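K.L.:
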Amino acid sequence: MRVPHKVMDRITPPRRVYKRRIPLPWMGAGLALLLAAILTPLTATDVAPAAGGLQPIIDGARKEGGLNLYASPTIGPDGVRAIKDTLNSRYGVNLDVKFSPAGSMIRDVAKVVTELATGSPPTWDLMLVTDAHYAVLFKNDALEQVDWVGTLGVEPRSLFYEARAVALVTQFVAPAYNKQLIPSAEAPKGWEALLDSRWKGKIGVASSTHHWARLSQAWGEDRTTRFVEALAKQNVVRGQVAETYTRLQLGEILLAATMVDDFILEAKKRGAPVVFIENPDPVIATHFMGAPLRRARSRNAATLLTAFLVSPEGQALWAKFTGQTSMYIKGTPAHEFVQKRNVVALEARFAETQLENLTNKYGRLLGFR
Numbered sequence: 205m206r207v208p209h210k211v212m213d214r215i216t217p218p219r220r221v222y223k224r225r226i227p228l229p230w231m232g233a234g235l236a237l238l239l240a241a242i243l244t245p246l247t248a249t250d251v252a253p254a255a256g257g258l259q260p261i262i263d264g265a266r267k268e269g270g271l272n273l274y275a276s277p278t279i280g281p282d283g284v285r286a287i288k289d290t291l292n293s294r295y296g297v298n299l300d301v302k303f304s305p306a307g308s309m310i311r312d313v314a315k316v317v318t319e320l321a322t323g324s325p326p327t328w329d330l331m332l333v334t335d336a337h338y339a340v341l342f343k344n345d346a347l348e349q350v351d352w353v354g355t356l357g358v359e360p361r362s363l364f365y366e367a368r369a370v371a372l373v374t375q376f377v378a379p380a381y382n383k384q385l386i387p388s389a390e391a392p393k394g395w396e397a398l399l400d401s402r403w404k405g406k407i408g409v410a411s412s413t414h415h416w417a418r419l420s421q422a423w424g425e426d427r428t429t430r431f432v433e434a435l436a437k438q439n440v441v442r443g444q445v446a447e448t449y450t451r452l453q454l455g456e457i458l459l460a461a462t463m464v465d466d467f468i469l470e471a472k473k474r475g476a477p478v479v480f481i482e483n484p485d486p487v488i489a490t491h492f493m494g495a496p497l498r499r500a501r502s503r504n505a506a507t508l509l510t511a512f513l514v515s516p517e518g519q520a521l522w523a524k525f526t527g528q529t530s531m532y533i534k535g536t537p538a539h540e541f542v543q544k545r546n547v548v549a550l551e552a553r554f555a556e557t558q559l560e561n562l563t564n565k566y567g568r569l570l571g572f573r
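Note that the sequence shown covers residues 205 to 573 in the numbering used here.
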């Protein structure tokens with residue numbers, strides 16, 4: 205029986221570092237423009253994927269009749285329903301999508317790896333989880349090989365892990381603050397500004413310490429380690445990401461050392477006083493990915509849905525219900541955003557060899573281990 209690789213803890217990786225070295229005199233306004241663009245739905249266009257070899261996948265999906273989907277709860281039942289209806293209309297099928305909102309991705313990826321190692325089919329046909337979790341799936345040979353470009357017309361830059369996985373949406377990460385309690389002129393202007401003594405005891409740090417490991421790709425391990433050590437001396441308030449956001453919103457803390465754009469978008473929609481700081485150089489980018497799992501009962505349906513989600517229609521629907529799009533798909537808010545920013549995403553080799561160790565190292569330094 206094949207022994208699974210160790211499943212990584214508290215991490216979120218893809219294939220390469222994506223950097224643009226451009227001066228950053230903008231960031232607060234830039235992220236605001238990104239969020240404004242996200243709140244305006246993309247125009248869905250009827251662009252069909254390459255036809256060669258596609259019909260057997262459609263026919264196979266029609267016979268399967270549906271699939272079991274594991275995805276972030278932010279998409280919600282309404283979002284899944286809209287995606288299903290549009291997918292069915294586009295390909296002339298009548299698939300039923302059974303949606304399982306993600307709980308612990310670490311636990312559930314480990315479950316699938318164990319199922320495959322024992323020769324069983326996976327619980328889900330398609331898991332939309334982070335790039336780090338896809339590193340685990342890839343290392344455990346849990347992903348089917350698909351001709352994403354030639355058959356399905358997927359943008360090649362969206363492919364990772366030897367073209368086994370597709371990057372579907374991008375999540376941006378940067379420090380954030382409560383704008384009701386800190387005037388814009390007094391807010392930190394970059395990562396290093398978090399170390400100012402006036403913020404001591406007023407900074408929240410989330411348990412997603414993989415963010416610091418990702419940052420080390422741009423800064424190097426030594427600089428990142430010195431920064432994290434100094435940050436820990438700021439008497440930080442530790443918690444989960446959602447907990448840190450709530451504390452920031454309520455004014456229990458003034459700053460969050462890292463915050464994901466999901467919550468910044470939610471704050472904008474609800475009128476909460478949580479915004480990104482100006483000039484974080486670089487911005488951290490994480491990705492949620494998709495691919496049919498090996499021995500999936502509905503391999504064709506999972507393949508079809510994955511390809512649909514990186515089409516203009518799929519991106520428009522995902523943006524409507526989650527506010528996120530892929531930085532690799534031209535015309536999306538995320539793609540436009542990164543053209544003028546210095547963005548760091550994970551390189552696959554780094555994910556396989558260093559991410560877990562550095563995530564644990566920075567977790568210990570910050571008191572999470």
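Quick reminder that beta carbons are idealized off the backbone N, C-alpha and C, glycines included. On a predicted model such as this, the values are computed, not experimentally measured, just so you know.
When DSSP labels each residue in this structure, what does Met309 get in the three-state scheme?
P.N.:
The residue given as residue 309 occupies position 105 in the sequence shown. Correct three-state label for Met309: helix.
K.L.:
Where do the N-terminal and C-terminal ends of the beta strand (DSSP E) with Arg573 fall, by residue?
P.N.:
On the sequence shown, residue 573 is found 369 positions in, with the first residue counted as 1. No beta strand (DSSP E) holds Arg573; DSSP gives it neither H nor E.
K.L.:
Using DSSP with H/G/I as helix, E/B as strand and the rest coil, what is Ser304?
P.N.:
Here residue 304 refers to the residue found at position 100 when the sequence shown is read from its first residue. Three-state result, Ser304: strand.
K.L.:
For Pro305, which residues in the same chain have their Cβ closer than 6 Å to its Cβ, ignoring the five residues on either side in sequence?
P.N.:
As a working note, residue 305 is residue 101 in the sequence shown. Hits under 6 Å: Pro277.
K.L.:
Quick one: using the 10 Å Cβ neighbour count with 16 as the cut-off for buried, is Thr322 buried or exposed?
P.N.:
Here residue 322 is taken as the residue at index 118 of the sequence shown, counted from 1. Burial call: exposed.
K.L.:
I think Asp465 touches Gly394, with their Cβ atoms under 8 Å apart; what is that distance to the nearest whole Å?
P.N.:
For the purposes of this step, residue 465 is taken as residue 261 along the sequence shown, with counting starting at 1. For the purposes of this step, residue 394 is taken as residue 190 along the sequence shown, with counting starting at 1. Contact flag wrong, Cβ pair sits at about 18 Å.
K.L.:
Tell me, please, whether the region 335 to 348 touches the region 461 to 477 by the rule of three or more beta-carbon pairs shorter than 8 Å.
P.N.:
With the cut-off at 8 Å, the region 335 to 348 and the region 461 to 477 do not touch.
K.L.:
Secondary structure at Val353, three-state DSSP: helix, strand or coil?
P.N.:
By one-based count along the sequence shown, residue 353 stands at place 149. Note: Val353 maps to coil in three-state DSSP.
K.L.:
In terms of alpha-carbon separation, which member of Ser412, Thr413, Lys383, Pro379 lies closest to Ala397?
P.N.:
Locating residue 397 in the sequence shown gives position 193, where the first residue counts as 1. Per the Cα distances, Pro379.
K.L.:
In or out: Thr529 buried (at least 16 other Cβ within 10 Å) or exposed?
P.N.:
Locating residue 529 in the sequence shown gives position 325, counting from the first residue. That one is buried.
K.L.:
Just reading off the beta strand (DSSP E) that Ile488 is part of, what are its end residues?
P.N.:
Here residue 488 refers to the residue found at position 284 when the sequence shown is read from its first residue. 487 to 494 is the span of the beta strand (DSSP E), which, as asked, contains Ile488.
K.L.:
Take Ser502 as the anchor and find which of Leu271, Glu390, Asn292 has the nearest alpha-carbon.
P.N.:
Here residue 502 refers to the residue found at position 298 of the sequence shown. If we check each option's Cα against that of Ser502, Leu271 comes out closest.
K.L.:
Which residues share a DSSP beta bridge with Gly270?
P.N.:
Here residue 270 is taken as the residue at index 66 of the sequence shown, counted from 1. Gly270 pairs with Asp300.
K.L.:
Classify Gly257 as buried or exposed, calling it buried when 16 or more other Cβ atoms lie within 10 Å of its own Cβ.
P.N.:
For the purposes of this step, residue 257 is taken as residue 53 along the sequence shown, with counting starting at 1. Looking at its Cβ environment, which holds fewer than 16 other Cβ atoms inside 10 Å, Gly257 is exposed.
K.L.:
Take Thr448 and list the residues in its own chain whose beta-carbon comes closer than 6 Å to its own, dropping the five residues that flank it on each side.
P.N.:
The residue given as residue 448 occupies position 244 in the sequence shown. The residues are Gly408, Ala410, Ala460.
K.L.:
Below 8 Å on the Cβ atoms is my contact criterion, and I expect Glu517 with Ala339 to pass it. Report the Cβ-Cβ distance as a whole number of Å.
P.N.:
What you label residue 517 is simply residue 313 of the sequence shown in a count that begins at 1. What you label residue 339 is simply residue 135 of the sequence shown in a count that begins at 1. Not confirmed; about 29 Å, so no contact.
K.L.:
If we count the other Cβ atoms within 10 Å of its Cβ and call it buried at 16 or more, is Arg402 buried or exposed?
P.N.:
Sequence index remark: in the sequence shown, residue 402 carries index 198 (1-based). Classification of Arg402: exposed, given that the 10 Å Cβ count is below 16.
K.L.:
Find out if the Cβ-Cβ distance for the pair Thr413, His491 is shorter than 8 Å.
P.N.:
As a first step, residue 413 must be located in the sequence shown, where it is residue number 209. As a first step, residue 491 must be located in the sequence shown, where it is residue number 287. Their beta carbons are not under 8 Å apart, which means Thr413 does not touch His491 by this criterion.
K.L.:
Confirm, please, whether the CB-CB distance from Leu452 to Asn504 is below 8 Å.
P.N.:
The sequence position of residue 504 within the sequence shown is 300, counting from 1. The sequence position of residue 452 within the sequence shown is 248, counting from 1. It is not a contact, given that the beta carbons lie outside the stated cut-off.
K.L.:
Is the beta carbon of Leu330 sitting closer than 8 Å to the one on Ala520?
P.N.:
Here the question's residue 330 lines up with position 126 in the sequence shown. Here the question's residue 520 lines up with position 316 in the sequence shown. Going by C-beta atoms, Leu330 is not nearer than 8 Å to Ala520.
K.L.:
Assuming Gly571 and Arg442 are in contact, meaning their beta carbons sit under 8 Å apart, how far apart are those beta carbons, in whole angstroms?
P.N.:
Locating residue 571 in the sequence shown gives position 367, where the first residue counts as 1. Locating residue 442 in the sequence shown gives position 238, where the first residue counts as 1. Contact flag correct, Cβ pair sits at about 6 Å.
K.L.:
Are the beta-carbon atoms of Val514 and Val301 separated by less than 8 Å?
P.N.:
In the sequence shown, residue 514 corresponds to position 310, counting from 1. In the sequence shown, residue 301 corresponds to position 97, counting from 1. No, Cβ-Cβ distance for Val514 and Val301 is not below 8 Å.
K.L.:
Put Leu459 into one of helix, strand or coil per three-state DSSP.
P.N.:
For the purposes of this step, residue 459 is taken as the residue at position 255 of the sequence shown. Correct three-state label for Leu459: strand.
K.L.:
Here's the rule: buried if 16 or more other CB atoms are within 10 angstroms of the residue's CB, otherwise exposed. What is Asp289?
P.N.:
Counted from its first residue, the sequence shown places residue 289 at position 85. It counts as exposed.
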